[in-house]
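A short worksheet on the structure shown next.
In the numbering used here, the protein residues as written are 12 to 452.
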């Protein structure tokens, strides 16, 4: 790699932004349709069988990210960022196409279709575990003082992808007969392959961009001196024991856990409290993505560099607590109105405002922690450390929705998941002084 670095670095950041954005479009298209399609194929099975299959389809994706994020990170430290991202995108093309093939099977091919969907979700989870490698590209391409702005680009790409992915799913869903979406048989199999095929095609576009335009950003001489095992629990524990990194990974884990309580129960909450249908919920998720875009692409990047990452993270955590606490209040008072026979929809705009505050806060937490971890990591272990962080993020995304849905019915108001999230964030506040001490070193 030559010393004419500024232009390649800028182009690397732009291409990684586009690659993550396009790949997240595919993720956002497929994710909301997984339970619908599965429910259609398992219409004749017991409710437990359907719930178990849907839970596996979601959990296996995150489990693969947990297992493979450190692997891709270590491998990218060894052979470079570009080949890892290329392999990841090829995997996305193949496994989204496999999901489409599974959805094209007739309803009578129940277990073959569900089996292929399971394989596709496992493969997509392995492929998607390379987000840490994309973060490592940003770390390679930015000086420490500009790291937060760079990580904000990844967050903005996520937000835009999550905005337009559900919108595309909404448009595709509008092509189906409306009754077919709501009947027990699920989506009409004559059209059900289209979302997966669309996601695969978008990943192919991202692959082409990376192939022709993405430069290698791993600097010569930063490869690890000693060979490392790709699967190494001991190495991951070493990362967690780093005084300046471990508290950040724990903070990120708890913040994601709290936010996943919100995400994992959002569609159930809006259906039970406001009577939203599937298509309306696609628009709600698109709104969540839009707030992420505005917060990370606009506000966060404006403040990054002027305020420290620790302060930005603290502001984000406070906003998350306020927003999620307000959601718990909306849930509780909506329940009180229902008991009095009054329409719960009077709290709909308060719900939108509270959700926006929570999402806005999360948009500040996400890139701040990623930037801090990256700045404190040994450059020769950049991909590995970010991979361990991404791995614990995956665990939080498994456990958060699981716990949120388990406590969802504890109280008829549906406020408990949001209350649990606030309690977790209160605990996170006690970690901030520890993080500040690491920032001072």
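No residue lacks a Cβ here, since even glycine has one placed at the ideal position from N, Cα and C. Predicted model, so just to flag it, every value in this text is computed and none were measured.
Annotation: the continuous alpha helix (DSSP H) that includes residue 152 extends over 142-152. Taking all protein chains shown into account, residue 41 has 16 or more neighbouring C-beta atoms within 10 Å of its C-beta and is therefore buried. Comparing alpha-carbon positions, the option among 358, 377 and 338 lying closest to residue 366 turns out to be 338. Ranked by Cα distance from residue 99, the options 157, 175 and 217 are led by 217. Under DSSP, residue 318 shares a beta bridge with 315. Buried is the label assigned to residue 209, since at least 16 other Cβ atoms lie within 10 Å of its Cβ.
Between residue 30 and residue 220, the beta carbon gap of about 6 Å places them in contact (Cβ cut-off 8 Å). Taking 8 Å as the upper bound for CB-CB distance, residue 215 and residue 104 are in contact here, some 5 Å apart. In the structure shown, residue 409 falls within a helical segment according to DSSP collapsed to helix, strand and coil. Short of 6 Å from the beta carbon of residue 137, and not among the five residues preceding or following it, lie these beta carbons of its own chain, in chain order: 75 and 79. Shown here for residue 341: same chain residues with a beta carbon closer than 7 Å to its own, the five before and five after excluded, namely 358, 361, 362 and 365 in chain order. When Cβ pairs closer than 8 Å are counted between the two stretches, the region 146-155 is seen not to touch the region 367-376, the count staying below three. In the three-state reduction of the DSSP assignment, residue 278 falls in the helix class, which pools H, G and I. Restricted to the region 368-400, not a single beta strand (DSSP E) segment is unbroken, complete and at least 3 residues in length. Ranking 37, 444 and 330 by CA distance to the CA of residue 168 puts 37 first. Here residue 317 is exposed: its Cβ has fewer than 16 other Cβ atoms, across all protein chains shown, within 10 Å.
Bounds of the alpha helix (DSSP H) holding residue 111 are 92-114.
The criterion of a C-beta distance shorter than 8 Å is satisfied by residue 297 and residue 178. Taking the CA atoms as reference points, residue 82 sits about 39 Å from residue 425. Residue environment for residue 88: buried (at least 16 other C-beta atoms within 10 angstroms of its C-beta). Taking the Cα positions, residue 121 is about 7 Å away from residue 53. Residue 61 and residue 49 have their C-alpha atoms roughly 7 Å apart.
Ranked by Cα distance from residue 439, the first of 326, 396 and 412 is 326. Straight-line spacing of the CA atoms in residue 207 and residue 114 works out to 8 Å. Ranked by Cα distance from residue 266, the options 164, 26, 45 and 405 are led by 405. Residue 371 sits close to residue 302, with the two beta carbons spaced by under 8 Å.
DSSP, read as helix, strand or coil, puts residue 359 in helix.
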